[in-house]
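Taken in order, the sequence shown gives residues 93 to 467; the numbers are from my numbering. To keep things clear, I will list the structure first and then write my remarks on it.
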Amino acid sequence: MKLLKLSLLSTLVSLCLVSTYSVAQDAEDGINVSGTLRANYSYKEYSESAKDKSGDLTFEMASIKFNGKLDDWGLASEYRFYDGWETLRYGYVFYDYSPEWQIQFGINQVPFGNPGFISNSFWFGVPYYLGFEDDYDAGVKTIYSSNGWGTELAFYKNAEYGASRNERYSTDLYTGTVNGTEYYNEETNQLNIRQTYEMEYEGGKTVVGGSFEVGQIYNSNTGNNGDRYAIALHLDSSYNGWNLQLQAMQYEYDAADSLDDNKIAVSAYAWQYEIASKAQAYSVNVAKTFTTSWGSVKVYNDFGLVTPDVDNDDYDNSYQNVTGVALSSGPTYTMIDFITGKNMYASTLDNGHIGLPEIGDSWDYRINVNFGYYF
């Protein structure tokens, strides 16, 4: 099986490489094939093994993308291969009903929060780890855009994979055991709406908007349904190379027949962890992009805060700050990030959760460098 996967990966990467030499034919067919190869260096200040080895350099990801359009119909998909696992990031067909209207069917991006990302770094912002940044689910979405106004309305039947699978790109509710607690939660019957308005001016533009999400939580053990919601206000403003992103959001997961109403389990990137079942999350990101003779340099700082809003007073705030620089030159894109965290999943010692009672009382840091080649 492992050899089969390696063979498949080799075939797909070769296909991507070949596609770079057949752009003219792709354009005629209406389908473009592209891909990504990435390597990653990481150094954890709080890991003795990382200190002993001065960090680790590993293969991070390879992907293949298909994008194209024939008449008013089109498709978009991306499949990713990580170290030891693989996943579909998105895959959908779309129909352009008119210049203002598009409808998408399949696994597409959930319209919630700042359009695109609420982060500049490889590390994402705190909403990603809660399930609210660059999330993809299975359903149908309509998009309207005219005179600066943008409206997205979507219905998702469920997440892109079953709830017991943690090998996924997006963060979704998890079914399984986490830290001794058994969870049986599945996302189902979700509605999303995002409204934005874009103001253009000399030197840049500003996009302001609001998002709302509501859905059910199915308990596969008892057959009962709980509910969930999230709401956000967001701003993305740019001027002469400067960029400011602001977002404030609140979410609540009210699972049926829960063993502990204060927390819930989610999974992403081949792992599972717990988050506070109700909280507010705030993002403040600043970036400056410089144009050079060989490409561009973007310097940024992304700050995120999660404040739990549960009945247990022992639950603590979670913090994440990422200071970094992104270097773009030709087909390469490199992100160098200095990540500091407190009581935050993936960036602090012994605290593999978000918003739960803190173990210890310290800020930890790690360094991450991601090297990408895009073709």
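No residue lacks a Cβ here, since even glycine has one placed at the ideal position from N, Cα and C.
Using only the alpha-carbon positions, how far apart do F463 and N132 sit? 6 Å
Helix, strand or coil: which one does DSSP assign to E140? helix
Where the beta strand (DSSP E) through V398 begins and ends: 388-400
Is the beta carbon of G198 sitting closer than 8 Å to the one on A230? yes
Can you tell me where the beta strand (DSSP E) holding Y220 begins and where it ends? Note, Y220: premise wrong, no beta strand (DSSP E); alpha helix (DSSP H) at 218-222.
Do the region 366-386 and the region 438-452 touch if we need at least three Cβ pairs shorter than 8 Å? yes
Among the candidates F395, K249, L336, whose CA atom is the shortest distance from the CA of V300? L336
Would you kindly work out how many angstroms separate the C-alpha atoms of I512 and A251, rounded to a whole number? No answer is possible for residue 512: the residues shown for the chain start at 93 and end at 467.
Where D353 falls: helix, strand or coil (DSSP): coil
Starting from S410, trace the beta strand (DSSP E) in both directions and tell me its first and last residue. 410-421
Relative to the alpha-carbon of Y411, which residue among G307, S385, S454 has its alpha-carbon at the smallest distance? S454
Buried or exposed for F82, please, with buried defined as at least 16 other CB atoms from any protein chain shown within 10 angstroms of its CB. A question about residue 82 goes unanswered here, because the residues of the chain that appear run from 93 up to 467.
Nearest to Y253 by CA position, among E244, D163, L265, V306, is which residue? L265
Uninterrupted alpha helix (DSSP H) stretches inside the region 187-268 (no shorter than 4 residues): 218-222
Taking the beta strand (DSSP E) that T314 belongs to, which residues open and close that run? No beta strand (DSSP E) holds T314; DSSP gives it neither H nor E.
At which residue ranges does the region 320-351 contain complete alpha helix (DSSP H) runs of 4 or more residues, listed in the order of the chain? none
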